[in-house]
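Q: Count along the sequence shown from 1, add 2, and you get the number used in this note's numbering. Even glycine gets a Cβ: it sits at the ideal position worked out from N, Cα and C. Given the structure is predicted, the values throughout are model-derived calculations rather than measurements.
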Amino acid sequence: FPGLETIETSIIERECSFPYVPGLLSFREIPPLLEAIGRLKSKPDIFLCDGHGIAHPRGLGLASHLGLVIDTPTIGCAKSPLYGKFVMPGPEKGMHSPIKDKKDKTIGYVLRTRDRTRPIYVSVGHRISLRKAVSVVLKCTPKYRIPEPLRLAHRLAGNSR
Numbered sequence: 003f004p005g006l007e008t009i010e011t012s013i014i015e016r017e018c019s020f021p022y023v024p025g026l027l028s029f030r031e032i033p034p035l036l037e038a039i040g041r042l043k044s045k046p047d048i049f050l051c052d053g054h055g056i057a058h059p060r061g062l063g064l065a066s067h068l069g070l071v072i073d074t075p076t077i078g079c080a081k082s083p084l085y086g087k088f089v090m091p092g093p094e095k096g097m098h099s100p101i102k103d104k105k106d107k108t109i110g111y112v113l114r115t116r117d118r119t120r121p122i123y124v125s126v127g128h129r130i131s132l133r134k135a136v137s138v139v140l141k142c143t144p145k146y147r148i149p150e151p152l153r154l155a156h157r158l159a160g161n162s163r
């Protein structure tokens, strides 16, 4: 993790069995994720998910759903907001502002991962604190806006097409 070295990858190709429905991404993506995770020889300590955790209209985004199913810490890392109120953080890397739900509870952070670039939206998925989630995401973004594990996943998925 500290060096962000790739230990193992798993890629599967399959038809989607659930239509795209905003807010229900996990029903479309959990089955292939579970298949890919099942092919891994080692058990990861944590998963970063390209989607939301509890910063979700139902409080159960892709990261939360996956974490519950596999009982492993997960972090939601989204490129755009889905739910909640927030103000944009300052322009420097590491600056963040809370995402609040209707009851004014903090459910995530808008996080700047590079100076003067668009932020990402970080929320707890499962079995991790919000503070630790932000720390992990910042450690995974040494050069780019998107955390390295998610960048690698996107690159590998694109290459397999």
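Ignore the nearest five residues each way along the sequence and tell me which others in Gly96's own chain have a CB closer than 7 Å to its CB.
A: Cβ neighbours of Gly96 beyond the five flanking positions: Arg114, Leu140.
Q: Return the residue from the list Cys18, Arg60, Thr74 that minimises the CA-CA distance to Ile109.
A: Ranking the options by Cα distance to Ile109, first place goes to Arg60.
Q: Using 8 Å as the threshold, is the stretch 80-94 in touch with the stretch 35-47, meaning 3 or more CB pairs across them?
A: Flag = no, the stretch 80-94 and the stretch 35-47 do not touch.
Q: Could you say which of Met90, Ala135, Ile101 lies nearest to Arg118 if we only look at CA atoms?
A: Taking only the C-alpha atoms, the option nearest Arg118 is Met90.
Q: Taking 8 Å as the cut-off, decide whether the C-beta atoms of His128 and Ser66 are in contact.
A: Contact flag set, yes.
Q: Taking the alpha carbon of Val124 as the point to measure from, which residue in Glu10, Leu152, Gly55 has its own alpha carbon closest?
A: The candidate whose alpha carbon is nearest that of Val124 is Gly55.
Q: Using only the alpha-carbon positions, how far apart do Tyr146 and Thr76 sit?
A: Answer to the nearest angstrom: the Cα atoms are 21 Å apart.
Q: DSSP three-state call for Tyr125: helix, strand or coil?
A: Note that residue 125 corresponds to Ser in the displayed sequence, not to Tyr. Looking at Ser125 - three-state DSSP - the assignment turns out to be strand.
Q: Leaving out the 5 sequence neighbours to the left and right, which residues in its chain are closer than 6 Å to Glu94 when beta-carbon positions are compared?
A: Asp117, listed in sequence order.
Q: Rounding to the nearest angstrom, what Cα-Cα distance links Val23 and Val112 in this structure?
A: When rounded, the distance between both Cα atoms is 24 Å.
Q: Can the beta-carbon of Leu64 be found less than 8 Å from the beta-carbon of Leu27?
A: The answer is yes: Cβ separation under 8 Å.
Q: Please report the straight-line C-alpha distance between Asp103 and Asp73, rounded to a whole angstrom.
A: Distance between the alpha carbons of Asp103 and Asp73 is about 25 Å.
Q: I need the DSSP call for Phe29, collapsed to helix, strand or coil.
A: Correct three-state label for Phe29: helix.
Q: Give every residue of the same chain whose Cβ lies closer than 8 Å to the Cβ of Gly92, excluding the five residues on either side of it in the sequence, and list them in chain order.
A: Correct list, in chain order: Arg114.
Q: I think Cys18 touches Cys51, with their Cβ atoms under 8 Å apart; what is that distance to the nearest whole Å?
A: Contact doesn't hold; Cβ gap of about 17 Å is too wide.
Q: Which word fits Ile13, buried or exposed, when buried means at least 16 other C-beta atoms lie within 10 angstroms of its C-beta?
A: Ile13 should be labelled exposed.
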